[in-house]
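Colleague: This is the structure, below, for whatever I ask next.
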Amino acid sequence: MRQRRRITKRWNARAFVVIAVLSAAIVDGCKPEPSQTTKSVGVSVGAAPANGEANLPADDGQWVRPAKDFASTRFSGLTEINTSNVANLKSVATFSTGVLRGHEAAPIVVGSTMYIITPFPHYVYALDLTKPGLPTKWMFNPKPELASQGVACCDVVNRGLVYDNGRLFFNTLDDHTIALDAATGKPVWNTKVGDINMGETMTMAPLVVKGKVLVGDAGGEMGVRGWLKALDESTGNVVWTAYHTGPDSDVLIGPNFKPFYQKDQGKNLGVSSWPADAWKIGGGTMWGWISYDSTADLIYYGSGNPGPWNPEVRPGDNKWTSTLFARRPETGEAVWAYQLSPHDLHDYDGINEQILVDLDIGGTKRKTLIRPERNGYIYVMDRTNGQVISATPYGFVNASSGVDLTTGALQYNPEKETKVGKVVRDICPAAPGMKDWQPSSYSPKTGMLYIPHQNLCMDEEGVSANYIAGTPYVGMNVKIFAGPGGNRGELEAWNPVTGKQVWSIKEDLPVWSGTVATAGDLVFYGTMEGWFKAVDARSGKVLWQYKTGSGIIGQPITYRGPDGHQYVAVLSGVGGWSGAIVAGGLDARDSSAAAGFVNAMRDLPDKTTKGGMLYVFSL
Amino acid sequence: MIARAARLLPLALSLGFGNASSPGALRVCADPNNLPFSNKAREGFENKIADLVGRELHRPVEYVWWAQRRGFVRNTLTAGSCDLVVGTVSGMEMLATTRPYYTSSYVFVSRRSRALGITSFDDPRLERLRIGVQLIGDDFANTPPAHALANRGMTRNIVGYTVYGDYRRPHPASDIIDAVARGDVDVAVVWGPLAGFFAKTSAVPLDVVPVSPRADRALPFVFDIAMGVRRRDSTFRASINDIIARRRPAIDSILDAYGVPRVASTSVIPSASAVVPSASTVVPSASTVVPSAARDR
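Quick note, the sequences are listed as chains A and B, same order.
Take the first sequence: its position 74, counting from 1, is numbered 74 in our numbering, and each next residue is one higher.
Take the second sequence: its position 181, counting from 1, is numbered 181 in our numbering, and each next residue is one higher.
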């Protein structure tokens, strides 16, 4: 803690000087100068990309939100860096963030400025892309409550900030949503939307849609009742709150709510699918990704696992946890919902990304939503009504046997049901799921999804005693280990139309970074050892790799710089649930630490060390 | 920062930096808001026991305040900012525990006027009652009564309270006892020290009865409580053990003053440990307290 305080002071001093020197500098608007140097194809921001290169409008070269576009493709139309020359990619700038915890955020590029946000304590830096070495334009320190690290349930990560209309928006671990003036770094508004004293934290990156800043909470294990809120972009006032448990009026379910499946139809299921008042502490938080279809005017996102994790004490479907929602952005009104993992048994949150693309399926053009889900299935859904078109395992799954497309029900395997005192072995996927928060990308050029994920199973055996908040308690020992094949991670190229894997790269460690796909037919991703890799999007051949200073769990991006050339950027800095053994300094001898994840990661300290650093590459 | 000054700050954490601790101080890691155990005003029984230890060691007592949740031990004791945790389960692997200085039990709490007299989870009346129980969030972990009720299929008549409570309030954990006093629930099953203390101060007379038998299949209801130090601090641990042995009567009178129900230690009932697993035979591990860096949420 002493060290952190010193760093804070140093950066404050530095920020002061930088701001003073650059006080006359003008920060770019949203649109950079058009460039003739870099050819590009791309997808429009705000609409779902069509399936085919011909329909792609030019990429503007920016990266204004972690998912690139509202459809969450994380696809760049830039082509200067491509399969023929990526071998020449070189590091052109680095920047130490001054923070040692897990760096999960995507850098944001607006005009000629890059913005990055660190894990707690959430330093925000604006870097000048027009000058060599990317000097700092300004730095903002939100000074979140130190107590939030202790009171908060979970990791101290932050998944990114978002730019809109001259402002940056982000969340803090201690439950503030903050708007900064992108030009000056000065706060415009600061709204406290949750309470660490109630176990709530915030880690997700907001999405701004139609003047609404959409934010959700974390802490499903702390008795939190999950929600998504919309804040007015100009004032920060909360416009609406949609809870994910409780009566329809709280969930913003009204007369226009039309779930596709019977299992999701009925009045006040957010109350009746729980024992007594258990919905009041039922979890269903929202710490992941939101997409938006401007044509349908619907946002899509999923809710987290039910609380408490131990399922025996909450019989029922536990709605609306682990549920995918379609809502109106202006009112929050639910239009449809689909519960992915009813009565979740294994911590399968439903907060992963959804990619909105139009696909030719069986000769019919379908408006789809693709979700590589934590429970092990890739759901291809009709995003207009919530119908599951297909649900295909993208790794080894035995906790369930499939999804009934008639009823929409996930078919649990009773042999893998967990119960205190019962030994259950080889539950696949393990609690972090086939894939956790780390987002996939989709290339409309190849028609493939590029999915970073893990290959982990778990045992539950033996009861252990423990102590928290003055109270002894008991629980199952969870031990997580590599799934079939022995590799703990994988980058998988997937064809959502055929429901088949096209190629795969087996990684020793879980692939906990995001991916980005480009029109140069490249896919970028990072490994927890710290390798940043460029892969041929069509073959999966590794064409280039660079060893960064720490394990990568961040989201890579690519953009067109002020000089008209294409750049690739990523934050390195190991941590997160998978990397807790390094970032949190956990004891490798304690196999069940980090909810059993340490057992699977005990060699990580030999492979990487902590430390946040931005890397920027170009030809 | 906008509105920062107005923030509610029940946890003004010192965390050891800036304010240098007195040389030779006994640095205690404790929750600033968790009565009856500890609070920042030093009103908890663990505060009083810390004072006793400090007097024995001739060292002034100083605190590092940190909410006793996931990451507590790692962020305080293991981080080196303090040296002693006054209350933890005997045998916890993430630290070195001293000899136990008290043993308590989960208890049934009900209004005396109801004259329920429930002592066992096999009491058939439980199925018809509204039962308050504290719940833990994750890792398939829960309080033993939550497991015991679920094992018997009693989930529809359970009202869940979090062990953390509403941390904005002065004693967050009292919710469940208040609920019994108000009649929101007919009976609650609560860890003894918590129940004993709040029952003692309740305006409505409450009965506090230990759960019987002391264990239910693999579930212990009785736990030995010890102090915790870092593993490498074996000399310090020995001196604490010595104080516990010598000052046991003084510790007992502090516990009495706070209404902490005591039962026989798990280690002195051979028949119990031979027949049913007790807390001491359950392998304690760090598994279920997940450090704060541990999960992505």
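Using N, Cα and C, we set each Cβ at its ideal position, and we do this for glycine too.
#1: Helix, strand or coil for LEU228 of chain A? Go by DSSP, reduced to three states.
#2: Considering just the uninterrupted stretch of the alpha helix (DSSP H) at THR201 of chain B, what are its terminal residues?
#3: Identify each residue in the segment 413 to 433 of chain A for which the Cβ-Cβ distance to at least one residue of chain B is less than 9 Å, and report them in chain order.
#4: Tell me the DSSP secondary structure of VAL271 of chain A in three-state form.
#5: Within a Cβ cutoff of 6 Å, which residues of the same chain sit near LEU604 of chain A, ignoring the five residues on either side of it in sequence?
#6: What's the C-alpha gap between ASP123 of chain B and ALA146 of chain B?
#7: Would you call the segment 316 to 333 of chain A and the segment 283 to 302 of chain A touching, i.e. three or more CB-CB distances under 8 Å?
#8: So the beta strand (DSSP E) PHE380 of chain B belongs to, where does it begin and stop?
#9: Does GLY362 of chain A come within less than 7 Å of chain B when only Cβ atoms are used?
#10: Give me the residue from A:ASN158, A:ASP59, A:ASN352 and A:LYS422 with the minimum Cα distance to VAL99 of chain A.
#11: For the beta strand (DSSP E) that ALA290 of chain A lies in, which residues bound it at each end?
#12: How big is the Cα-Cα spacing for GLY133 of chain A and HIS346 of chain A?
#13: In chain A, which residues lie less than 8 Å from ALA30 of chain B when you measure between Cβ atoms?
#14: Starting from ASP360 of chain A, trace the beta strand (DSSP E) in both directions and tell me its first and last residue.
#15: Which whole-angstrom value describes the C-beta separation of ILE557 of chain A and MET528 of chain A, a residue pair presumed to lie in contact below a C-beta threshold of 8 Å?
#16: Going by DSSP in three states, THR384 of chain A sits in which element: helix, strand or coil?
#17: Report yes or no: is there a C-beta of chain B within less than 7 Å of the C-beta of TYR467 of chain A?
#18: Determine the chain A residues that contact TYR101 of chain B at a beta-carbon separation under 7 Å, and present them in chain order.
#19: Could you tell me the alpha carbon to alpha carbon distance between PRO187 of chain A and THR113 of chain A, rounded to whole angstroms?
#20: Please compile the residues from chain A whose C-beta is within a distance smaller than 7 Å of the C-beta of VAL159 of chain B.
#21: Report the option in A:GLY575, A:MET601 and A:GLY561 whose CA atom is closest to the CA atom of THR130 of chain A.
#22: Could you compute how far the alpha carbon of ASP178 of chain B sits from the alpha carbon of VAL189 of chain B?
#23: Can you tell me the Cα-Cα spacing of PRO49 of chain A and ASP59 of chain A, whole angstroms?
#24: Could you work out which residue in A:ALA205, A:SER440 and A:LYS506 is closest to VAL516 of chain A when comparing CA atoms only?
#25: Whole-angstrom Cβ separation of TYR394 of chain A and ILE355 of chain A, contact assumed at under 8 Å?
#26: Which runs of the alpha helix (DSSP H) spanning at least 4 residues fall entirely within the segment 72 to 157 of chain A, listed in chain order?
#27: In chain B, what lies closer than 8 Å to MET139 of chain A by C-beta?
#28: Under 8 Å between beta-carbons, which chain A residues line up against MET227 of chain B? List them in chain order, please.
#29: Considering only residues of the same chain and omitting the five flanking positions on each side of ASN495 of chain A, which have a CB-CB separation below 7 Å?
#30: Going residue by residue through the segment 149 to 188 of chain B, where are the continuous alpha helix (DSSP H) segments of at least 4 residues, counting only ones entirely within it?
#31: Pull out every residue of the segment 60 to 89 of chain B whose Cβ sits closer than 9 Å to any Cβ of chain A, in chain order.
#32: Kindly indicate which three-state DSSP category THR235 of chain B falls into: helix, strand or coil?
#33: Compute the Euclidean distance between the alpha carbons of MET601 of chain A and TRP577 of chain A, then round it to the nearest angstrom.
#34: Under 8 Å by Cβ, that's how I've got ALA141 of chain B and VAL474 of chain A pegged, so tell me the actual separation to the nearest angstrom.
#35: Which value, in whole angstroms, describes the spacing of the CA atoms of THR76 of chain B and TYR63 of chain B?
#36: For the segment 302 to 339 of chain A, list the beta strand (DSSP E) runs that are entirely contained and at least 3 residues long, ordered along the chain.
Modeller: Let me spell this out:
#1: strand
#2: Where THR201 of chain B is concerned, the enclosing alpha helix (DSSP H) stretches over 192 to 201.
#3: THR418, LYS419, VAL420, GLY421, ALA431 and PRO432
#4: helix
#5: Same-chain partners within the cutoff: ILE581 and VAL582.
#6: ASP123 of chain B and ALA146 of chain B have their C-alpha atoms spaced approximately 15 Å apart.
#7: A contact exists between the segment 316 to 333 of chain A and the segment 283 to 302 of chain A.
#8: There is simply no residue 380 of chain B to check, as chain B begins at 1 and stops at 297 in what is shown.
#9: no
#10: A:ASN158
#11: For clarity, residue 290 of chain A is Ile in the given sequence; the question names Ala instead. That run of the beta strand (DSSP E) goes 290 to 293.
#12: 46 Å
#13: Those within 8 Å of ALA30 of chain B in chain A number zero; the least Cβ separation is about 10 Å.
#14: 355 to 361
#15: Between MET528 of chain A and ILE557 of chain A the Cβ distance is about 19 Å, and since that is not below 8 Å, they are no contact.
#16: coil
#17: Yes, because at least one Cβ of chain B sits closer than 7 Å to the Cβ of TYR467 of chain A.
#18: Here the premise fails: no neighbours, minimum Cβ distance about 14 Å.
#19: 18 Å
#20: ALA276 and ASP277
#21: A:GLY561
#22: 13 Å
#23: Confidence is the limiting factor: at PRO49 of chain A the pLDDT is only 46, short of 50, which leaves the residue's position unreliable, though a coordinate-based value still follows. Approximately 12 Å between the Cα atoms of the pair.
#24: A:SER440
#25: So it is not a contact: roughly 14 Å between Cβ atoms.
#26: 147 to 151
#27: The contacting residues do not exist; MET139 of chain A stays about 14 Å from chain B at best.
#28: The contacting residues do not exist; MET227 of chain B stays about 12 Å from chain A at best.
#29: GLY447, MET448 and VAL502
#30: 175 to 182
#31: TRP65, TRP66, ALA67, GLN68, ARG69, ARG70, GLY71, PHE72, ARG74, ASN75, THR76, THR78, ALA79, SER81, GLY87, THR88 and VAL89
#32: If DSSP states are grouped into helix, strand and coil, THR235 of chain B belongs with the helices.
#33: 10 Å
#34: 7 Å
#35: 10 Å
#36: 323 to 327 and 334 to 339
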